[in-house]
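Colleague: Chains as they are written, first to last, in numbering that gives the first Met the number 0: chain X, 0 to 495; chain D, 0 to 133.
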Amino acid sequence: MLATQLPALQIIVPMLSAPLCVLLRSGRAAWLLAALASWASLGIAAALLARVLDVGAISYAVGGWPPPWGIELAIDPLNAFVLLIVTGIAAVVICAAPQSIAREIPAEKAGLYYSAYLLCLTALLGITLTGDAFNVFVFLEISSLSSYALIAMGRDRRALVASFQYLIMGTIGATFILISIGLLYMLTGTLNMADLLQRLPPLADNRVMQAAFAFFTVGVALKVALFPLHYWLPNAYAFAPSIATAFLAATATKVSLYVLLRFYYGVFGADFSFAAMPLSEILLPLSLAAILIASIVAAFQRDVKRLLAYSSVAQIGYMTLGVALASASGLTAAIVHLFNHALIKSALFLALAGVVYRLGSTHIEQMAGLGKRMPWTFGAFVLGGLSLIGVPLTAGFVSKWYLVLAALEKGWWWLALLLGLSSLIAVIYVWRVVEAAWFREPQADDAGRIEAREAPLSILLPTWLLVAANFYFGIDTTLSVGVASEAAQMLLGGGR
Amino acid sequence: MIEHFNYWMVFALMMTGLYMVVARGNLVKKIIGLNIFQSSVFLLFISMGKVAGGTAPIVVDGIANTATRYSNPLPHVLILTAIVVGIATTALGLALVVRIREAYGSIEEDEIHRQDLPAPAAARPAASQRRGRA
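#1: Indicate whether at least one CB of chain X lies closer than 7 angstroms to the CB of phenylalanine 10 (chain D).
#2: Measure the C-alpha to C-alpha separation of leucine 324 (chain X) and serine 294 (chain X) and round it to an integer number of angstroms.
#3: State the Cα-Cα distance for the pair leucine 32 (chain X) and leucine 118 (chain X), rounded to the nearest angstrom.
#4: With a Cβ-Cβ cutoff of 7 angstroms, do serine 143 (chain X) and threonine 331 (chain X) count as a contact?
#5: Within 7 angstroms (strictly less), CB to CB, does serine 162 (chain X) reach chain D?
#6: Between valine 40 (chain D) and chain X, is the shortest Cβ-Cβ distance under 7 angstroms, so that the two count as touching?
#7: For the putative contact between serine 145 (chain X) and alanine 115 (chain X), defined by C-beta atoms under 8 angstroms, what is the C-beta separation to the nearest angstrom?
#8: What are the boundary residues of the alpha helix (DSSP H) that includes glutamate 101 (chain D)?
#9: What are the residues in the segment 84-103 of chain D lying within 8 angstroms of chain X by C-beta distance?
#10: If you scan the segment 336-374 of chain X from start to end, which runs of the alpha helix (DSSP H) of 4 or more residues do you find wholly inside it?
#11: Can you find a C-beta in chain D that's less than 7 angstroms from the C-beta of tyrosine 165 (chain X)?
#12: Apart from the five residues on each side of it in sequence, which residues of its chain come closer than 8 angstroms, Cβ to Cβ, to methionine 41 (chain D)?
#13: Can you list the residues of chain X that proline 74 (chain D) reaches, using a CB-CB cut of under 8 angstroms?
#14: Relative to the alpha-carbon of glycine 130 (chain X), which residue among X:Arg156, X:Ser241, X:Ser58 has its alpha-carbon at the smallest distance?
#15: Using only CA atoms, which one of X:Ile104, X:Ile281, X:Gln197, X:Ala239 lies nearest to leucine 225 (chain X)?
#16: Quick one: which unbroken alpha helix (DSSP H) runs of 4-plus residues sit fully inside the segment 279-308 of chain X? Chain order, please.
#17: Taking alanine 333 (chain X) as the reference, which of X:Gly321, X:Ile343, X:Leu417 has the closest Cα?
#18: Taking a cut of 7 angstroms between CB atoms, which residues from the segment 121-145 of chain X lie near chain D?
#19: Classify aspartate 131 (chain X) as helix, strand or coil using the three-state DSSP reduction.
#20: At which residue ranges does the segment 401-481 of chain X contain complete alpha helix (DSSP H) runs of 4 or more residues, listed in the order of the chain?
#21: Quick one, are the C-beta atoms of lysine 222 (chain X) and glycine 172 (chain X) less than 7 angstroms apart?
#22: On the three-state DSSP scale, how would you describe tyrosine 230 (chain X)?
#23: Identify the contact partners of arginine 154 (chain X) in chain D, using a Cβ-Cβ distance below 9 angstroms as the criterion.
#24: According to DSSP, is isoleucine 104 (chain X) helix, strand or coil?
#25: Which word fits arginine 157 (chain X), buried or exposed, when buried means at least 16 other C-beta atoms lie within 10 angstroms of its C-beta?
#26: Could you tell me the alpha carbon to alpha carbon distance between tryptophan 231 (chain X) and alanine 66 (chain D), rounded to whole angstroms?
#27: Can you tell me where the alpha helix (DSSP H) with alanine 203 (chain X) in it begins and where it stops?
#28: Using CA atoms only, rank isn't needed, just tell me which of D:Gly32, D:Asn71, D:Asn25 is closest to methionine 13 (chain D).
#29: On the CB-based measure, 16 or more other CB atoms within 10 Å of its CB, does glutamine 365 (chain X) come out buried or exposed?
#30: Please list, in chain order, the chain D residues whose beta carbon lies closer than 7 angstroms to that of leucine 159 (chain X).
#31: Please tell me whether leucine 177 (chain X) has its Cβ less than 7 angstroms away from any Cβ of chain D.
#32: Rounded to whole angstroms, what's the CA-CA distance from methionine 318 (chain X) to isoleucine 57 (chain D)? Just pull it up for me.
#33: Alpha carbons only, please: which of X:Met208, X:Pro76, X:Ala341 is nearest the one belonging to valine 92 (chain X)?
#34: Does threonine 244 (chain X) come within less than 7 angstroms of chain D when only Cβ atoms are used?
#35: Cα separation between glutamine 300 (chain X) and leucine 123 (chain X)?
#36: Alpha carbon to alpha carbon, what distance is there between serine 40 (chain X) and glutamate 440 (chain X)?
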């Protein structure tokens with residue numbers, strides 16, 4: 000009985016915990032509840048993935064209304080995999096939260112923080128689970144609204160402006176997606192994705208469908224932070240509380256990328272998206288621009304959080320590049336990188352949360368000489384950085400390897416060279432932090448120097464857990480690449 | 000032309016709203032622009048649900064039902080949800096504006112950016128030295 004209700008529980012558990020967190024008042028109790036809800040979600044996601052791999056796609060009719068009339072929760076290898084990433088990151092990151100939050104957010108707001116965190120988790124899971132196009136929009140807005148609140152809780156007043164900017168851009172993006180969904184409903188009279196996929200292909204020459212496609216592409220590009228629509232991302236990530244950054248950087252854009260994949264393959268259909276519409280021709284140059292330009296911009300940042308945020312824009316470029324290649328291997332590379340990048344960025348941002356805990360800043364100059372004082376924190380950062388660069392035996396290498404293979408499969412050796420070049424730029428920006436932390440003497444007038452001890456264990460342990468995951472998935476790829484290639488086959492085989 | 004009047008208005012409003020968001024520096028005006036933009040989409044959905052000559056799709060037992068055509072209620076229900084989302088966004092946006100005003104003493108975008116410019120520069124010892132010499 001319970002097993003059949005798992006898809007609904009995946010959303011309901013964090014959703015009902017969120018208002019309880021507000022009622023609990025005490026930050027400690029709210030954290031405990033949020034942690035329990037996150038770990039329960041992880042358990043549910045793991046059970047769902049196991050079931051999907053075992054018995055195939057699951058369909059759940061919300062409220063007992065059968066699809067296509069009612070809202071359907073449809074689970075297949077792709078979204079079960081994304082669910083696992085999102086809940087996994089949420090569960091690990093929440094363990095690091097209490098001390099970091101106590102340092103960065105006033106105690107009376109801690110309960111509200113956890114409630115926004117859980118709402119954001121709920122919505123991300125909802126976007127991933129649902130098989131209903133309009134439901135995607137609603138959950139997308141819930142996730143956005145809660146992440147605006149999370150970002151605005153940053154200590155710096157610039158967090159407010161960053162959050163406002165994100166609100167404007169995010170709302171425009173979501174409304175564009177809404178327009179697209181409206182036009183599709185106008186054409187077909189249905190909102191169910193599987194139903195849409197059946198009804199849309201005969202309409203490929205219809206201009207309304209092409210307009211819907213264009214609106215969706217722009218809207219989702221804003222949400223994914225695809226270059227040049229990434230303007231909101233660096234500030235939002237740089238000024239949000241460290242824990243919120245670690246969570247959002249690893250999950251929010253990934254789920255948006257999932258929406259992109261789901262709509263292009265599962266609603267518009269691969270034939271329309273890649274053959275009738277010039278999607279590859281649009282995504283390819285933009286992805287390359289993201290990879291190269293954002294990497295170069297990252298190399299010039301003075302704030303390490305901002306540096307990593309720009310690097311995120313570049314990494315999103317890798318994923319959309321995999322999509323643009325429009326082949327099974329390219330798609331696998333995109334999905335694998337979605338998984339691996341979540342691990343990389345959450346590890347790096349959590350390490351930074353440790354730095355913020357001691358220093359109160361992520362400014363690169365203030366990190367001078369800290370490598371010797373905080374060896375575990377900076378050690379985690381360096382190992383995470385290696386994975387970001389794509390050194391063999393790390394998760395980052397695996398995704399770049401598949402991306403290069405996909406490029407060579409098309410005979411695009413220049414693309415493989417550009418990917419190598421972008422890794423070199425990543426070496427530069429990671430090295431800047433290493434150089435500051437280990438090879439510079441601490442500044443004499445450094446105010447943060449007094450407190451520069453190792454970060455507390457509650458932050459270090461989750462960080463190292465994620466670093467270990469980076470190496471584990473760099474060596475044993477049966478889970479990541481195995482499920483990703485199955486998901487890619489499923490997408491290419493006609494949506495769900 | 001005239002039978003598509005609603006859709007022309009939708010796109011006129013949509014562009015007006017978007018233009019306001021982009022061109023206005025005042026944060027409250029940006030929010031208003033965003034509202035106009037969202038409203039245009041609400042209008043789009045509601046227009047598509049209207050069936051010419053159709054009436055409200057309400058059927059009650061015991062009351063004689065004479066209508067033969069009904070409007071499609073689904074888009075209207077969808078938009079009810081979207082309106083709630085829009086209100087939540089507006090409320091959050093305005094709350095942020097209030098806090099921005101508290102923190103900066105201004106709700107003009109240029110002024111806010113100007114206030115933030117010296118802050119990162121002052122944090123850099125090298126930059127402040129350079130300014131000191133100048």
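Ideal placement from N, C-alpha and C gives every residue a C-beta, glycine not left out.
Nothing here was measured: the structure is a model prediction, and the numbers come from that model.
Modeller: Inspection of the coordinates gives the following:
#1: no
#2: 21 angstroms
#3: 13 angstroms
#4: no
#5: yes
#6: yes
#7: 5 angstroms
#8: 72-103
#9: Val84, Ala87, Thr88, Leu91, Gly92, Leu95, Val96, Arg98, Ile99, Ala102, Tyr103
#10: 369-372
#11: no
#12: It should be pointed out that residue 41 (chain D) corresponds to phenylalanine in this sequence rather than to methionine. Result list for phenylalanine 41 (chain D): Ile78, Ala81, Ile82, Gly85, in chain order.
#13: Gly181, Tyr184
#14: X:Ser58
#15: X:Ile281
#16: 294-298
#17: X:Gly321
#18: Phe133, Val137, Glu140, Leu144
#19: strand
#20: 412-438, 456-474
#21: yes
#22: coil
#23: Neighbours of arginine 154 (chain X) on chain D: none; closest Cβ ~11 angstroms, over 9 angstroms.
#24: coil
#25: buried
#26: 51 angstroms
#27: No alpha helix (DSSP H) holds alanine 203 (chain X); DSSP gives it neither H nor E.
#28: D:Gly32
#29: buried
#30: Leu95, Arg98, Ile99, Ala102
#31: yes
#32: 48 angstroms
#33: X:Ala341
#34: no
#35: 30 angstroms
#36: 45 angstroms
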